[in-house]
Structures are given as C-alpha cells and as structure tokens.
Amino acid sequence: MDEIQRIVARLNQPPFSKNLRLVDFDEKSPAELLQLLNDIFTSMDSTMKGDVRDEEDVVRASRMGNFLQMLKCPLLPQDEDRRTRFTEEFGMGSKNVVYPVFHWALTNYEKLCKRAYLGKYLVRIEPPQEFMQDDTLGDLVERYKELQVEFKGTHQTFDSNKATMSRPGAELRAEIQQLEDERRQLQDRIEKLKSNTRNEIAFPAMLAATSSMRQEQDEEVRLQEKMREQRHLLDIAEQRFQETQRRLSALKGSATGGHSAEAILKELQKDVQETAKVIRGDMAGERNKLQDTIARLERQRLEPNRTIEDVERMRAQVRQLERQKDEMRETVEKAMSSRGDNKLGMFRQHANMAAAKLMQKEEEVESRLKDLTAVRGEVDELEAKVNDIAAAAGGGMVGPNGRQMTREEFKEYGAQLREKSHKYKLQKTALAGLRAESVVLHRTEQILKGRDRNLEEFLTQQEANAGVSGYRDAQSKLEMASEQTAEMDDMKGQTLDEISEIVKKINGQLEEKKTKLKPLIKELKEVRKEYQECEQDYLDKKQRYDSVAVGLATERSMLEGECDELQDECLQEESRYHYLNCLSQIASIGLEKVQQEEKWTAGHGRLLPEFANHQELYQNKINQQESLSKQLRKQQKKIKENEGGNMYQRSLYADLHRLLSAKVKSRLGGNNNGNILGISGQLTADTMDFGTAQVVRID
C-alpha cells in the first residue's frame, strides 16, 4: 500500500501532474496502466510516444521490454522462461508486474532520464555473423563502436566540467553574504578614518598627493607593461628578422655553393662573440660610473656639518647654564625668604633683563639658522648638480664639503690641515699637563678640607650660640650666586657677540658662494635647455617608432589572418579529398562485387559449393524463413484452436491436484503408509509423487 501511495504522489508532481487519487489509480484498467507507464517512458525518451491501444500485445510488450532492458531494469528475470512469462504478464497489464515497474521508474526518474539519453547512442548493434563477411558493413560497425567510445569520453568530460564549474545556490549566497559583510566593514573603516581626519588641516592635501601618487604608480605599471609588450614584440620581430636573414644566407650559400654550413656557423659564432664583448665593455663602463657616483654620495653623506654642530653645542651649553642659574635662583630665594630679606630684587631685575635679551638673541639665531639651513640645502643641491656635470666632463677635485676645488684651494686646504694637526698636538700636550696638575690640586684640596673640618664645626657652633645659624652658608651662596650671575652675563655677552660674528660670516660665505655659483647656475640652465631639446627629440622619435610598430603589428595580424584562412581552406580541401577518395574506394569495391556476381551468374566460378552466387544464397535463406514462418503460423493456429480445451483441461487437472493433495493430507494424519485412490508408493509430509497416480474417471 505504501508503494502505491508513493507512486500516486510522484505522478501528481511535475513533470506529470496527473492529479490522481489513490482510488482512481487502483480502478484503472490494464490498458490505462500501460498507457500511463508509456507516458512516463515518453518523458524519458520521445521515441516511445504512442497509443498502446493501437498496438498488438506482443509488439507492445516487446517494445516496452526492450526499453526496460536498455534502462537495465533489475526487475527483468535472467532466466529465459521466466522472462517470457514476465513479458506476457507485462503485455497484459498485470498489476503484479506493472506496479513494481512504476515504483522503480518513478523512484529513479532523474537517473533513468540520463540513462535513456545515453542508451540511444550506446545501444549495441550485433548484425548476424553471415552479414559480417561484407567489408563495408564491418567497417561501418567498427566506426559505430569508435564513435560510441568517443561519445562516452566526451560525455564524461562534460559531466566533470559541469561538476567543477557549477556551484550550488547556498554557496553563492554564502559568498554574497561574506562580500556584503566585508563591504560594511570597509564602510565603517572609511567613516572612522573620515571622522579621525576631519579636523586635520593638511589631510586634503595629503589625500590629493596620495591619490596622485597612486595614479602615477598605476600609470607607471601600465607603461611598464606596455614596454614589456613592445619589447616582446620587438624581440619576436628581431627573431623573425634574424631567422629570415639566416634563411637568406643559407639560400645564397646553397645557390652559389661558395660557403659551407661550417663556415656560416663560424661566422655567426664570431659575430656573437664580438657582440658579447661590446656588451660586456659597455656594461662594465656603466657599472664603474655608478659605483663612483655611489661612493661620492656616500662620502658626502658621512661628512659632518661642522658649523651647525658648533652652534648646537653652544646652544646646549646655554641651556645647561640656564638650568644652573634657575637652580641657584631658587636656592637664593629660599634663603632670603627664610631670613625675610628682599635685597635681591635688583639682582632678579638684572637677571630677567638678561634672560629676555638672551631669548631675543636666541630667536634671532634660530631664524638665522633656518635661513642658513635652507640656503645650505640649495647650495648642496647646486653643488651636487655641478659635481655631476663636472664628473660627466671628467675632471676636478672634490673638497670636504663636496664641492669642486681648484689646485690653489687644495694647497690651502692641505696647509690648514697641517696647521690644525700641529695645534691639536700642542693642545693634547697641554691637556695632559693640566690633568696631572688637577690631580695634585684635588689631593691638596682633600687635605685642606680635612684640616678645615674642625674650624667649620667651631664656626657653626658659634653661629648657633649667637642665634644666626646658616649665616655663612647663606652669605657664601649669595656671593657665589652674584659671581655666577656676573660670569653668566659675561658669557651671554660673549655668546651673543660670537653668534653675531658667526651670522656675519655665514652671510658673507653665502654671498661669496652665490657669486661663485652664478656662472655654474647659468651653465646648468643651458644644460637643462639642451636636455629638454634632447627629450623632445626622443619623444618625437618614440612617437614615430610607436606608429611604425602599430602599423607593422596591424599588417602582421592581417597576414596571420589570411594565412589562417588559407590554411583552413587547405585543410577543408584535404578533408574533402580524403572523403571523396573513400567514396571512390567504396564504389570500386561495390563495383568489384557486382562484377564478381555477374561472373558467377554467367557460370565462371561459384560462391559456395551449394550456391552459385549471392542471389541463390539469399533466395535459399528467404525460402527457409518462409517455410519456418508457415510452420510457426500453423503452430500458432493449432495453439489458438486448442487453447480453450487445453485451458479447461489444465483447470481440471489443477482441481484434481488440489483434491488429491487434500485427501493425502487427511490420510497422512491417520495413517502414514496407506494408499489413497489407488496411489502407489510411500507418502510423507514433505515428499509426494504424483507421477504414478492412477486417476479413476467417475461418471
């Protein structure tokens, strides 16, 4: 019952949509069931379409049975007798046979549709063995099998490609959802960056610079890619040109006979060696130039900027003195506040004035240093360009600051170095003496401090007795602060004077260098002008080259297209030639067979000892089939005539068998060794022999 319910439920679904009920399906006649099953087969294979009522039972059963066999139905019995019985019941529409076929076909519908499609092209054709003697038919059968194998491979490739390329909808939806999440995350990041950079004043300029840089990078990548393509095309063109030259030289050599292959090969090897030498020489020269430039730039990078370092050192000393002054001021203020005296107002006023003056001078020095740094940058840039020009010209000596020096300047520079070296040695000797004297003085100081310790304790005790404890410390600190303030004022004045002198010297040096660099700048402008002219010339030639290259590429593509068309035409003509040749051979073989048949018909030879030619052979086979057909018709007629009596006799024998079986069972219940109605032999519950039963006719 469950099986029938599943059949009805599947028939109500697409592509059938029969709208059946379980009662309607159960009340259908055998012809209607077969028509419904044929509709299912038609949906699998359109060649099965037809009305089962217009066909005979044998034809219908044979057609559907062959289709089930092609689908490899497991319900078909393997035994010949059982298969014949199955076919008969199937042709009559027996529900015991049709229902399982319904269930199997509807359960495996998708797989059976594919199998039906493949079965149309993979059905085996086995002609009778006597027909396989024909060579043409044998070739056709072999070709048919080869095409079947090719079809299998193509279909497997299609299935594998379909399985790898197609993705289910769930996977696509998951990928879309992931992309949406990434898009939201990116939007959140962009909004966060916008909120963080909204108050940045320089951000739009930086963003514009970044965008322009990225565009330039993309443009650079595109140009590099285009350059690689052009180089590749150029290499291909050069290879073809060289190959054409080699062919031309080979043709000339073969035409004149004056050069052998070995001589041509030696000449080519010699050309290759000369070209390699030229390339190695040029590359070595360029490498040496680059190494010299790198070494010069490295020396310039390592050289210290002495003037700026001196200024920084002086500024560090000033900051250190400022810290010491602040510490002393705090100490003095604490001491005076403890005594309640305010006599240091004048000192504070002088100190504030000096500090204001110092800050003013420091700001002036910083502005001057900024101007100096900017001018030095310009000077270094100009000197680097001048050095490049001079290095390209091949002459000049480089000074410690990276600029070119004349011979006289170089001599002066050497004398200054010798003088500084001599001063360094003298200062080193004096420093050693001062260090020795410092050691002696330090030891003397320790001894005196040890002797003076008792005196200090006595004075401290006297101050305590007089009620003025700390008087000497405060007085010494005040004196020390006054001395340090005076020294600091002197040092500030000296520092300001030195800074003024340094600024004057820097301005003088700048003016002097500007005067010296004027002719070089003029020369640099001329060189830039020449460079622009050369660059314009290069761009013009490059444009002409690009136009010529595009024209050649277009012409080459046209020639390649024509070549491909001619090659396809040649292949088509060649294929047509082979096809016509095969037809000609087939026709010639057929003609030979016809001629041989005419000879056998005329009496020149025989096909077989029993038959003179194919006509007699086939006529004999036709006569045999006709006689066999007549016998089968007679047998069929006899079976149809005796069908009623035989069926009636069969039913009587069946009733008799049931009657005897019942009596045997009843007798076996009382006596296991008795005879029933004249049955001879021993009867048991498991084995009974009805072959020797003597049936008594009761009138």
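Residue 579 in the UniProt record's numbering sits at position 579 of the sequence shown, and the numbers go up by one each step. Backbone N, C-alpha and C fix where the C-beta goes; we use that ideal spot for every residue, glycine too. In this text the structure is predicted, and so the values were computed from the model without any measurement.
- [ ] May I ask you to report which of helix, strand or coil DSSP gives Cys113?
- [x] Residue state, collapsed to three classes: helix.
Task: Exposure label - Phe241; buried when at least 16 CB within 10 Å - done: Per the 10 Å Cβ criterion, exposed.
- [ ] Determine contact between the stretch 96-109 and the stretch 64-80, defined as no fewer than three beta-carbon pairs at a distance below 8 Å.
- [x] yes
Task: Environment of Phe690 [buried if 16+ CB atoms lie within 10 Å] - done: Because the pLDDT of Phe690 is 42, which lies under 50, any placement of that residue in the model is unreliable, and the number read from its coordinates should be weighed accordingly. By the 10 Å Cβ count, Phe690 comes out exposed.
Open item on the list: What residue range does the alpha helix (DSSP H) around Pro30 cover?
Closed with: 30-44
Open item on the list: For a test of the three-state rule: what should DSSP assign to Glu175, helix, strand or coil?
Closed with: helix
Open item on the list: By the three-class DSSP mapping on this structure, what secondary structure does Asn316 have?
Closed with: The residue you asked about is not Asn; residue 316 is Ala in the sequence shown. Reduced to three states, the DSSP call for Ala316 is helix.
Open item on the list: The alpha helix (DSSP H) that contains His103, what's its start and end?
Closed with: 95-107
- [ ] Look at the alpha carbon of Gly669 and the alpha carbon of Ile639, and state the distance between them as a whole number of angstroms.
- [x] Going from the Cα of Gly669 to the Cα of Ile639 covers about 42 Å.
TODO: Look at Val52 and Asn66 and say whether their C-beta atoms are less than 7 Å apart.
DONE: no
Open item on the list: Quick check on the burial criterion: 16 or more other C-beta atoms within 10 angstroms. Buried or exposed for Ala481?
Closed with: buried
- [ ] Give the C-beta separation of Pro77 and Ser43 to the nearest angstrom, bearing in mind that I take them to be a contact with Cβ-Cβ under 8 Å.
- [x] Their Cβ separation, rounded to whole angstroms, is 26 Å, which puts Pro77 and Ser43 out of contact at 8 Å.
TODO: Locate the alpha helix (DSSP H) running through Thr84, then write down its first and last residues.
DONE: Its alpha helix (DSSP H) spans residues 80-92.
- [ ] Flag this pair as yes or no: are the beta carbons of Arg124 and Gly91 separated by less than 7 Å?
- [x] no
Open item on the list: If you reduce the DSSP assignment to three classes, tell me which class Leu20 lands in.
Closed with: coil
- [ ] For Ala430, count neighbouring C-beta atoms within 10 Å of its own C-beta (all shown protein chains included) and say buried if the count is 16 or more, exposed if not.
- [x] exposed
- [ ] Kindly confirm or deny that the stretch 136-150 and the stretch 181-196 touch, where touching means at least three C-beta pairs closer than 8 Å.
- [x] no
Open item on the list: For Ile176, count the other beta carbons within 10 Å of its own beta carbon; 16 or more makes it buried, fewer makes it exposed. Which is it?
Closed with: exposed
TODO: Could you check the C-alpha separation between Trp600 and Leu617 for me, to the nearest Å?
DONE: 12 Å
Task: Contact under 7 Å by Cβ, Asn620 with Glu597 - done: no
Open item on the list: So for Arg72, helix, strand or coil by DSSP?
Closed with: In the sequence on display, residue 72 carries Lys and not Arg. Here Lys72 sits in coil by DSSP.
Task: Per-residue DSSP class, three states only, for Glu56 - done: coil
Task: With 16 other Cβ atoms within 10 Å as the buried cut-off, status of Met206 - done: exposed
Task: Cα-Cα separation, Lys504 to Arg299 - done: 29 Å
Open item on the list: Assuming the contact rule is C-beta atoms closer than 8 Å, Leu172 and Ala553 should be a hit. Round their C-beta distance to whole Å, please.
Closed with: No, Leu172 and Ala553 are not in contact; Cβ-Cβ is about 41 Å, not under 8 Å.
TODO: With DSSP as the reference, label Asn161 as helix, strand or coil.
DONE: helix
Task: Member of Asp540, Tyr653, Met314 whose CA lies at the smallest distance from the CA of Glu498 - done: Met314
Task: Collapsed DSSP secondary structure at Ile201 in the structure displayed - done: coil
- [ ] Kindly indicate which three-state DSSP category Pro519 falls into: helix, strand or coil?
- [x] Secondary structure at Pro519: helix, using DSSP grouped into helix, strand and coil.
- [ ] Write down the C-beta distance between Phe25 and Ile4 rounded to the nearest angstrom, noting that I regard them as a contact closer than 8 Å.
- [x] Confirmed, Cβ separation roughly 7 Å.
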